[in-house]
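Single-structure report; data block below.
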Amino acid sequence: MNLEILIVEDEFIVANDLSKTLQKKGYLVTGTAPSVEMAMISIEKKRPNIVLLDIRLRGKLSGIDLAKKLQKIGIPFIYLSANSNKTILDEAKKTKPYGFLVKPFRPKDVLVALEIAAYHHKHSYDYQHELQSKIEKELSLITLNGTRWEDVFLDVAKAFQVTIPFDYLQIALRSVNTKENKILGFYRTGHKEFQIIGINELKNISNLTKNDLEKVFKEHESSHTTAIYENELLEDLVVKNSLVKLIVDSFHVQSLSEIPIVVDTDHLLTLSFYNKKEKVFASELLWVLTNLSNRLRTIVLHLTEFKLIEENFQAVVPEKRKPILKKKQSVEFNEIIGKSSALLNVFEAIKNVAPMRTSVLVMGESGTGKELIAKSIHKHSGRDHHPLVTVNCAAIPSDLIESILFGHEKGSFTGATEKRIGKFEQANGGTLFLDEIGEMSLASQVKLLRVLQEKEIEKIGSNVTIPLDVRIIAATNRNLEEEVEAGRFRLDLYYRLHVFPINIPSLKERPEDIPLLVDFFISKFTSKQMRFSSRVLKKMMNYQWPGNIRELENYIERSILMSPHEIIDDLYAPLTKKITNFNVIEGGQTLSLEEMEREFILKTLKSSHGKISGKGGAAELLNLPTSTLNSKIKKLGIRKKEIFSEE
585 MNLEILIVED
595 EFIVANDLSK
605 TLQKKGYLVT
615 GTAPSVEMAM
625 ISIEKKRPNI
635 VLLDIRLRGK
645 LSGIDLAKKL
655 QKIGIPFIYL
665 SANSNKTILD
675 EAKKTKPYGF
685 LVKPFRPKDV
695 LVALEIAAYH
705 HKHSYDYQHE
715 LQSKIEKELS
725 LITLNGTRWE
735 DVFLDVAKAF
745 QVTIPFDYLQ
755 IALRSVNTKE
765 NKILGFYRTG
775 HKEFQIIGIN
785 ELKNISNLTK
795 NDLEKVFKEH
805 ESSHTTAIYE
815 NELLEDLVVK
825 NSLVKLIVDS
835 FHVQSLSEIP
845 IVVDTDHLLT
855 LSFYNKKEKV
865 FASELLWVLT
875 NLSNRLRTIV
885 LHLTEFKLIE
895 ENFQAVVPEK
905 RKPILKKKQS
915 VEFNEIIGKS
925 SALLNVFEAI
935 KNVAPMRTSV
945 LVMGESGTGK
955 ELIAKSIHKH
965 SGRDHHPLVT
975 VNCAAIPSDL
985 IESILFGHEK
995 GSFTGATEKR
1005 IGKFEQANGG
1015 TLFLDEIGEM
1025 SLASQVKLLR
1035 VLQEKEIEKI
1045 GSNVTIPLDV
1055 RIIAATNRNL
1065 EEEVEAGRFR
1075 LDLYYRLHVF
1085 PINIPSLKER
1095 PEDIPLLVDF
1105 FISKFTSKQM
1115 RFSSRVLKKM
1125 MNYQWPGNIR
1135 ELENYIERSI
1145 LMSPHEIIDD
1155 LYAPLTKKIT
1165 NFNVIEGGQT
1175 LSLEEMEREF
1185 ILKTLKSSHG
1195 KISGKGGAAE
1205 LLNLPTSTLN
1215 SKIKKLGIRK
1225 KEIFSEE
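Next comes the structure, spelled out in structure tokens:
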């Protein structure tokens, strides 16, 4: 089917030229509109597949205003603009366009942008339907007959957690006639684990009296509009709504998504999804939630019909409530250590996208564990019986990219002394992980893009086409949008990869995971029952960790090596925000890790009076095999005269 395009452009010549170019290439142009008002009239008559949208338009409303409307009705758009003002461009980016063309542009640029937008929208559309299907399946499994309303809504929370990133879900049922509110909350404590939050729990959390809370509940007015609130919008809502303010303050919320559902002539059900991070709710989520209204309406009607919803949601006897549980490490993701809210969101994203063929772009600072995320996606994808092949893009020279990625035949070029199977062919049926994609040269990007578009390869020196069924996961610690603006990364490749982005939180964003990581690394590096004192652990949790998990791992290994005691109570490296590594300063001299290791082994040898093996020997004190210690002594150049010299 040919794509149908609406052109929203107030310059007649530009609009006319665009229309001719598109029609010549087989696109159907539904119309041209010079203003937002005219564009909406055109959309009502004929809904386009994609809109080409100028930012500056005639009238009071701009292209950005129209973009917000297009987001709500699920029509993708590409910006056209002659304005490179950073403020305007930043504002435009917030609306999540499927492309951006700066005037003057070539016809070829428009055609490529449309192709990418169509690809991106198709995968986004497929993903939305996949989300909806998953939630519907979970909701259909909820048992209604003879079940307490509290358990029913707990199952509703679990059903939504499969696909929607939230830390706190509030369910409010409002009577239009009596203005009475019935409100219940669910606070996430782990994967599919929740603490039910009623008025008694909120009283303990907020330190408000029960009378004050009852007043807040009574005065709460549920939203009648499906919307996402963050930044200024959330701040405005907090000022107007006391209950929203209470939840935001109590649970440190930064974003909120709400959907109202008219149950019957008297009841309005509102689901409020709160998250501790901003920019986690995509506009597509509203479309999914709206389509689930009927299923939720059926559940609530059943509960009201059989009077399973009690007089007040908050009337549950507090003694029967389970206390807030400590979060457990998810068994499904035991290769990724952590239980923080930020990491749980990553787990949910992995579960959602893993079964699909969608390309995934993993973004995060250096040392955050992007390769572990790629391995986890592959493990949960259904492709795990085929290989996961990793390619370090930064390490491939441009002149070898084709040979390494696509393979070559023997004798196809000078030095090709044997046949090579390329990385794509090795990964066929499985997953190809393109690590450090931001480091790839522009020439290499072109060759990669061609294969992603055509889904087939030819080895160098062969005319046989090999069809591909490969899942692409790319990772980068660079801001690819900035790389695109600087001309170092291709826009078309960026949009091809940026179908499903996963942002990995840095360690400073999840300090509550540090104790778990510390325990994990201690067990990795030593069989001794070692631990850090609470004083040192507190300093570790307050430190910014610019090198993230990798830096933490190195620090723990060093501390285990340096500490003569099972309880590590000394800082064997300074924990300050200004440093970029852990080299210890001693007497004004910086020591490397190898120098520190040498010094510590020498110190231990002196304390054992040169004895290496046996009881009380240095090997026993260091918890190392004698052969390993001897190798280290030789490698580090430790001599006898140093051991027996006077200190």
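Read in order, the letters of the sequence shown are residues 585 to 1231 in the numbering used here. Glycine is no exception: its CB is placed at the ideal position from the N, C-alpha and C atoms. For clarity, every value in this text was computed on a predicted model and none was experimentally measured.
Measuring only the C-alpha atoms, how far is residue i from residue j?
i: aspartate 594; j: glycine 615; result: 13 Å
i: proline 551; j: arginine 1072; result: No answer is possible for residue 551: the residues shown for the chain start at 585 and end at 1231.
i: isoleucine 634; j: glutamate 588; result: 7 Å
i: leucine 855; j: glutamate 621; result: 32 Å
i: phenylalanine 997; j: leucine 989; result: 16 Å
i: threonine 671; j: proline 681; result: 16 Å
i: histidine 851; j: serine 724; result: 22 Å
i: asparagine 875; j: lysine 994; result: 56 Å
i: glutamine 779; j: lysine 766; result: 18 Å
i: threonine 773; j: isoleucine 1088; result: 20 Å
i: isoleucine 985; j: glycine 1022; result: 15 Å
i: glutamate 805; j: phenylalanine 750; result: 21 Å
i: isoleucine 1031; j: isoleucine 1140; result: Correcting the residue identity first, residue 1031 is lysine in this sequence and not isoleucine. Going by the C-alpha atoms only, they are around 42 Å apart.
i: histidine 1149; j: methionine 1125; result: 21 Å
i: aspartate 1154; j: valine 1120; result: 7 Å
i: glutamine 1037; j: arginine 879; result: 38 Å
i: phenylalanine 835; j: glycine 683; result: 36 Å
i: glycine 643; j: asparagine 600; result: 20 Å
i: isoleucine 755; j: glycine 769; result: 6 Å
i: asparagine 586; j: leucine 695; result: 13 Å
i: alanine 811; j: lysine 824; result: 16 Å
i: valine 1083; j: methionine 940; result: 12 Å
i: leucine 664; j: glycine 782; result: 50 Å
i: leucine 821; j: serine 839; result: 11 Å
i: valine 837; j: glutamate 628; result: 37 Å
i: arginine 1142; j: alanine 958; result: 28 Å
i: serine 1111; j: proline 1209; result: 12 Å
Please classify residue i: is it buried, with 16 or more other beta-carbons within 10 angstroms of its beta-carbon, or exposed?
i: asparagine 929; result: buried
i: arginine 967; result: buried
i: glutamine 655; result: buried
i: serine 708; result: buried
i: threonine 793; result: exposed
i: serine 815; result: In the sequence on display, residue 815 carries asparagine and not serine. Exposed, since its Cβ has fewer than 16 Cβ neighbours within 10 Å.
i: threonine 1015; result: buried
i: proline 632; result: buried
i: asparagine 976; result: exposed
i: lysine 1043; result: buried
i: phenylalanine 596; result: exposed
i: glycine 1006; result: buried
i: asparagine 1132; result: buried
Answer yes or no: do residue i and residue j have a C-beta to C-beta separation smaller than 9 Å?
i: glycine 1200; j: serine 1192; result: yes
i: alanine 701; j: leucine 1075; result: no
i: leucine 650; j: valine 592; result: yes
i: valine 736; j: leucine 887; result: yes
i: valine 946; j: alanine 1058; result: yes
i: alanine 1000; j: serine 987; result: yes
i: lysine 923; j: glutamate 1096; result: yes
i: leucine 715; j: leucine 869; result: yes
i: leucine 1145; j: leucine 1101; result: no
i: valine 746; j: lysine 935; result: yes
i: leucine 590; j: lysine 652; result: no
i: isoleucine 1222; j: leucine 1189; result: yes
i: glycine 1194; j: serine 1090; result: no
i: lysine 742; j: glutamate 722; result: yes
i: valine 944; j: isoleucine 1086; result: yes
i: leucine 1213; j: isoleucine 1196; result: yes
i: leucine 645; j: serine 619; result: yes
I think residue i touches residue j, with their Cβ atoms under 8 Å apart; what is that distance to the nearest whole Å?
i: leucine 827; j: phenylalanine 801; result: 7 Å
i: glycine 951; j: isoleucine 920; result: Rounded, the Cβ-Cβ distance is 14 Å, inconsistent with contact.
i: serine 960; j: phenylalanine 917; result: 6 Å
i: alanine 666; j: isoleucine 648; result: The pair is not a contact, with the Cβ atoms about 15 Å apart (cut-off 8 Å).
i: leucine 1077; j: glutamine 1029; result: 5 Å
i: phenylalanine 857; j: isoleucine 748; result: 6 Å
i: arginine 1182; j: leucine 1206; result: In fact, because the Cβ distance is near 13 Å, the residues do not count as touching under 8 Å.
i: glutamate 1020; j: isoleucine 1041; result: No, glutamate 1020 and isoleucine 1041 are not in contact; Cβ-Cβ is about 21 Å, not under 8 Å.
What runs of the alpha helix (DSSP H), each 4 residues or longer, lie entirely inside the stretch 602-669? 620-629 and 647-657
Segments of 4+ residues assigned as alpha helix (DSSP H) that fall wholly inside the stretch 995-1056: 1007-1010 and 1026-1038
Runs of 4 residues minimum, wholly inside the stretch 769-836: which ones carry the alpha helix (DSSP H) assignment? 783-790, 794-803, 816-824 and 826-835
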